[in-house]
Amino acid sequence: MSAPRVVLGVAGASGAALGLSVGRQLSQLGAEIDLIASRAAERTLAGECGAEAFETLRSMATRSHAIDDIGASIASGSVVTSGMIVAPCSMRSLAAIAMGLDDNLLTRAAGVQLKERRRLILITREAPLTLAHLRNMVAATELGAIILPPVPAFYLKPQSVAEIVDQIAARAIDLLGISAPVAKHWINTDGGH
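Listed below in structure tokens is the structure:
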């Protein structure tokens with residue numbers, strides 16, 4: 312069986328560590344990664360994760376595509392992938408995806424996942440949310456996307472921000488269904504159901 316091929320989009324929202332964690336965990340699973348990062352994402356990665364963060368992310372990718380390369384292979388539905396994760400997903404990218412505005416490779420690749428009925432997981436990053444954000448989340452969901460806000464699993468009693476980030480990234484990967492579950496799961500310790 313061939314390795315799953317996953318598109319990883321990284322938009323410019325805060326939470327750049329989510330993209331790094333998704334990339335690292337996909338690499339550990341042996342997945343082929345097609346990386347698309349916006350220019351704002353490159354800047355956010357440097358600001359939040361260090362000057363070398365974008366190169367670290369690129370080193371995990373099987374293929375790295377420029378944001379304006381709308382002729383890249385993943386812009387076509389004929390190129391089979393196991394789905395796409397946008398980590399983090401900015402409200403600008405969410406709006407473009409929800410409205411079918413395929414104006415760069417990230418939003419085009421997301422649109423391809425939707426039209427081909429493949430999994431598209433959007434780790435949407437903003438707080439608080441405006442009505443426009445909420446409507447765009449509803450529209451994207453109606454199109455088939457899965458909205459996964461980066462909400463900590465407090466019941467796991469995380470000891471660090473890195474644990475929180477890794478759990479959210481693992482949940483996104485689990486939603487693709489490409490491997491056995493990688494996220495930690497809740498265990499009821501009080502004997503109830």
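With this note's numbering as the guide, the letters of the sequence shown map in order to residues 312 to 504.
Glycine is no exception: its CB is placed at the ideal position from the N, C-alpha and C atoms.
Asked: Integer Cβ distance of I378 from L417, believed to fall under 8 Å; Found: 6 Å
Asked: Reduced DSSP secondary structure (H/G/I, E/B, other) of M344; Found: Checking the displayed sequence, the identity of residue 344 turns out to be Ile instead of Met. DSSP places I344 in strand when its eight states are reduced to three.
Asked: One or two residues paired with H376 in a DSSP bridge; Found: I347
Asked: Own chain residues within Cβ distance below 6 Å of D380, not counting five before or after; Found: L416
Asked: Sequence-distant residues of its chain with Cβ nearer than 8 Å to A372 (five each side left out); Found: L319, G334, I344, D345 and L346
Asked: R316 in three-state terms, based on DSSP; Found: strand
Asked: Backbone CA spacing between L442 and M402 [nearest angstrom]; Found: 12 Å
Asked: C-beta contact flag for A483 and I434 at 8 Å; Found: yes
Asked: Between the CA atoms of P463 and V493 - distance to the nearest angstrom; Found: 16 Å
Asked: Rounded straight-line distance, which links the Cα of V476 to that of V397; Found: 14 Å
Asked: DSSP three-state assignment for M395, whether helix, strand or coil; Found: strand
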